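The block underneath contains the structure these notes are about, expressed in structure tokens.
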Amino acid sequence: MSLNPTWLIDCDNTLYPAGNRLFDNVNALIIEYMRELVGIPEDEVEPLRLGYWKRYGVTLGGLMADFNVDPEHYLSYVHNVPLSDYLSPDPALSEALHSLPGRKVIFTNATQEHARGVIDVLGMSGAVEKIYDIRDFNYIPKPKLYAYERVLAGEGVSADRCWFVEDSEENLSTGKELGMTTILVGGSPATGHHHIGRVHELPALYARLRAEEPS
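To convert, note that position 104 of the sequence shown is 110 in my numbering; the numbers rise steadily by one, no gaps.
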């Protein structure tokens, strides 16, 4: 466990609580896109999405493979969400991230533009050094190993130097297998991962784990 880590932090449902419904809006736009723009019958949309999630990690992978969907058109459409309707400045979040040692980067299956918008509305732009988005992984998302390898290569660090902060147990599991320190945000505690209720609690978790390290 590195005590001067590179922090890999997810964006949606991690930087902000899942209960604020922002990502519900994104999901509604994904369903609308599949139904209205791709022409998939309504009763087939959800089963198809589930299959795509299991096989590709995100809906986009299946739509590209089966329907030759333009990924940039899709990503622009489904992330057309009025962020300020769901988010507001969170000075405590920015303060928490600033207080942590090491480099902080966003590791998201969304787009650079969406993640930047979230960061700007939350008021934490100065707390994050870089954003890795789905384009950086050639549209191959978490939890696929390739996405993690691209981020590690981009940062020039080994997995054991990284603390990975996520709301998805599945995404964390790949990081855990690589040797990352994994931190689940929200929900219930899960075996094998540290757990916090929200990202604001990272400094306290870091301090506790550092104190537990043998001298």
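We put the beta carbon where it would ideally sit given N, CA and C, even for glycine. Everything numeric in this text was worked out from a predicted model, so none of it was measured.
The beta carbon of residue 95 sits closer than 8 angstroms to the beta carbons of 127, 128 and 129 from its chain, once the five residues preceding and following it are set aside; these are given in chain order. Put simply, the backbone Cα of residue 86 is about 30 angstroms away from that of residue 207. With contacts defined by Cβ atoms closer than 8 angstroms, residue 14 and residue 168 form a contacting pair. When secondary structure is reduced to three states using DSSP, residue 201 falls in the strand class. Judged by DSSP in its simplified three-state form, residue 12 adopts strand. Contact between the segment 139–154 and the segment 173–180 is present: three or more C-beta pairs spanning the two stretches fall below 8 angstroms. The alpha helix (DSSP H) runs lying completely inside the segment 65–113 and spanning 4 residues or more are 65–73, 77–84 and 97–105, given in chain order.
Under the 8 angstroms Cβ criterion, the segment 90–106 does not count as touching the segment 45–64, having fewer than three qualifying pairs.
DSSP links residue 190 through a beta bridge to 172 and 201.
In this model, residue 147 and residue 140 are separated by some 6 angstroms (Cα to Cα). Bounds of any alpha helix (DSSP H) do not take in residue 136; it lies within the beta strand (DSSP E) bounded by 136–138.
Counting along the chain, residue 116 sits inside no alpha helix (DSSP H), nor does DSSP assign it H or E at all. Contact between the segment 70–86 and the segment 32–45 is established, with three or more Cβ pairs separated by less than 8 angstroms.
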